[in-house]
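*Asks:* One structure is given below, represented as structure tokens, and several questions about it will come after.
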Amino acid sequence: MLTLVLLPGLDGTATLFEPLLPYLPPHVRICPIHYPPEQTLGYSALVALVKQALPRHGPYVVLGESFSGPVAIQLAAQADQHMVGLILCCSFACSPRPSLIGLRPLIGLTPIRWLPSRLLAMLLYGRGAHVQLRKLLEKALAQVAQRVLQHRLQAVLDVDVLPDWQRIALPVCYLQATHDLLIPASQVSLLKTMLPSMQVSPLAGPHGLLQASPVAAAIAIRHFLSTLESRSVIDDCDQQVSPA
């Protein structure tokens, strides 16, 4: 059976996957990953943590949402024989806003969790974000220490896993939000230029695509997974682990 490993956004709780889960294919095992809410772990440490949670048997695909893109990319660059594909959702391989690097010291002074939920929801889900999404966002952020959120934001400004990106030999799909206020289209163009085989799926929606447009996102995910199945990538992986 195929497993879809879900790596969360900046909150790291996997709570924000709730809107997506009902629309994912029923024949696929879903494995949401939770990051420690009290530990300020950098990207390298998160890669090591996720490796311990990856399936030991059978094929799997890793989906990295937003903040977790660099984690997913490093896993794909070091892929074992069971990893058969990579999905990035509104994510990046290097700092998506390099012009903001000079503001890095100020992030440690910004009370992210206490910013108005309407403002955060607008950035993530657009002006039309409904109350349920705002409450779900508040629920996710409430679980994470302030210093952890700040540390993760600083990590986003510093990250550069483009060398790892160039080493990926797996099928890759990028879910691109057409109204993303946080990740510029230039980031997607860069990744596509460096890895022409990457499949780009433009979807109408904001940065929080999996929450605001879960049905469209799930359809794109299903399509990518079915593409892997049609290529016999998953069957080949299953045969490798089948008993003699």
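Note that numbering that gives the first Met the number 0 numbers the sequence shown so that position 237 is 236, with each residue one more than the last. We put the beta carbon where it would ideally sit given N, CA and C, even for glycine.
#1: Under 7 Å Cβ to Cβ from Leu208, same chain only, skipping five residues before and after it: list those, please.
#2: Taking DSSP as the reference, what is the three-state secondary structure of Met121?
#3: So, at 7 Å on beta carbons, what are the nonlocal neighbours of Val248 in its own chain, with the 5 sequence-adjacent residues on each side left out?
#4: Within its chain, find whatever has a CB closer than 6 Å to the CB of Pro275; leave out the 5 residues flanking it on each side and keep chain order.
#5: Measure the C-alpha to C-alpha separation of Arg28 and Val61 and round it to an integer number of angstroms.
#6: Pick from Pro36, Gly57, Gly204 and Glu64: whose alpha carbon is nearest that of Val83?
#7: Do Pro7 and Ile32 come within 8 Å of each other at the CB atom, strictly closer than that value?
#8: Nearest CA to the CA of Tyr22: which residue from Gly127, Ala219 and Thr226?
#9: Measuring straight from C-alpha to C-alpha, what distance separates Leu180 and Ser200?
#10: Since Cys30 contacts Thr12 with CB under 8 Å, what's their CB separation in whole angstroms?
#11: Count the other C-beta atoms from every protein chain shown that fall within 10 angstroms of the C-beta of Pro205, then say buried if there are 16 or more, exposed otherwise.
#12: Can at least three beta-carbon pairs, one atom from the stretch 71-86 and one from the stretch 159-167, be found at a separation below 8 Å?
#13: Distance, Cα to Cα, Arg221 vs Leu227?
#14: Output yes or no for whether 8 Å exceeds the beta carbon distance between Leu20 and Leu135.
#15: Among Ser65, His81, Leu40 and Leu48, which has the Cα closest to the Cα of Tyr59?
#16: Is the beta carbon of Leu169 closer than 8 Å to that of Pro24?
#17: Comparing C-alpha positions only, which one of Glu137, Val46 and Glu37 sits nearest to Gln149?
#18: Evaluate Ser229 with the Cβ neighbour count: other Cβ atoms within 10 Å of its Cβ, from every protein chain shown; 16 or more gives buried, anything less gives exposed.
#19: What do you reckon, is the C-beta of Asp163 under 7 Å from a heavy atom of the ligand COA?
#20: Near Arg146, which residues of its chain fall below 7 Å by C-beta distance, leaving aside the five closest residues on each side in sequence?
#21: Where does Asp163 fall in DSSP's three states?
#22: Between Ser259 and the rest of its own chain, which residues show a CB-CB distance below 6 Å, the 5 nearest in sequence each way excluded?
#23: Which parts of the stretch 181-218 are runs of the beta strand (DSSP E), unbroken and 3 residues or longer, counting only runs that do not cross its ends?
*Replies:* The answer reads as follows:
#1: The sequence position of residue 208 within the sequence shown is 209, counting from 1. Same-chain partners within the cutoff: Cys88, Cys89, Leu174, Ala176, Leu202 and Ala216.
#2: Taking the first residue of the sequence shown as 1, we reach residue 121 at position 122. Helix.
#3: With the chain represented from 0 up to 243, any question about residue 248 goes unanswered, as that position is not in the structure.
#4: For residue 275 there is no data in the structure shown, the boundaries of the chain being 0 and 243.
#5: Position 29 of the sequence shown holds residue 28. Position 62 of the sequence shown holds residue 61. When rounded, the distance between both Cα atoms is 12 Å.
#6: On the sequence shown, position 84 is the one that residue 83 refers to. Nearest C-alpha to Val83: Gly57.
#7: Here residue 32 refers to the residue found at position 33 of the sequence shown. Here residue 7 refers to the residue found at position 8 of the sequence shown. Result yes, Cβ atoms of Ile32 and Pro7 sit closer than 8 Å.
#8: Along the sequence shown, read from residue 1 onward, the residue named residue 22 stands at position 23. For the residues Gly127, Ala219 and Thr226, the minimum Cα distance to Tyr22 belongs to Ala219.
#9: For this step, residue 180 is matched to residue 181 along the sequence shown. For this step, residue 200 is matched to residue 201 along the sequence shown. Between Leu180 and Ser200, the C-alpha separation is close to 17 Å.
#10: Taking the first residue of the sequence shown as position 1, residue 30 is located at position 31. Taking the first residue of the sequence shown as position 1, residue 12 is located at position 13. Not a contact, Cβ separation roughly 15 Å.
#11: Within the sequence shown, residue 205 is the residue found at index 206, counting from 1. So Pro205 ends up on the buried side.
#12: yes
#13: Within the sequence shown, residue 221 is the residue found at index 222, counting from 1. Within the sequence shown, residue 227 is the residue found at index 228, counting from 1. Those two C-alpha atoms are separated by around 10 Å.
#14: Stepping through the sequence shown from its first residue, residue 20 is reached at position 21. Stepping through the sequence shown from its first residue, residue 135 is reached at position 136. The answer is no: Cβ separation not under 8 Å.
#15: Along the sequence shown, read from residue 1 onward, the residue named residue 59 stands at position 60. Nearest C-alpha to Tyr59: His81.
#16: For this step, residue 24 is matched to residue 25 along the sequence shown. For this step, residue 169 is matched to residue 170 along the sequence shown. Result no, Cβ atoms of Pro24 and Leu169 do not sit closer than 8 Å.
#17: Here residue 149 corresponds to residue number 150 of the sequence shown, with the count starting at 1. Minimum Cα distance to Gln149 is reached at Glu37.
#18: One-based indexing of the sequence shown puts residue 229 at position 230. The residue in question, Ser229, is exposed, as its Cβ has fewer than 16 Cβ neighbours within 10 Å.
#19: Questions concerning the ligand COA fall outside what the structure shown contains, since it holds no ligand whatsoever.
#20: Counting from 1 along the sequence shown, the entry for residue 146 is found at position 147. Here the set comprises Thr39.
#21: Reading the sequence shown from its first residue, position 164 is the one you call residue 163. DSSP places Asp163 in helix when its eight states are reduced to three.
#22: With the chain covering only 0 through 243, there is no way to say anything about residue 259.
#23: 198-202
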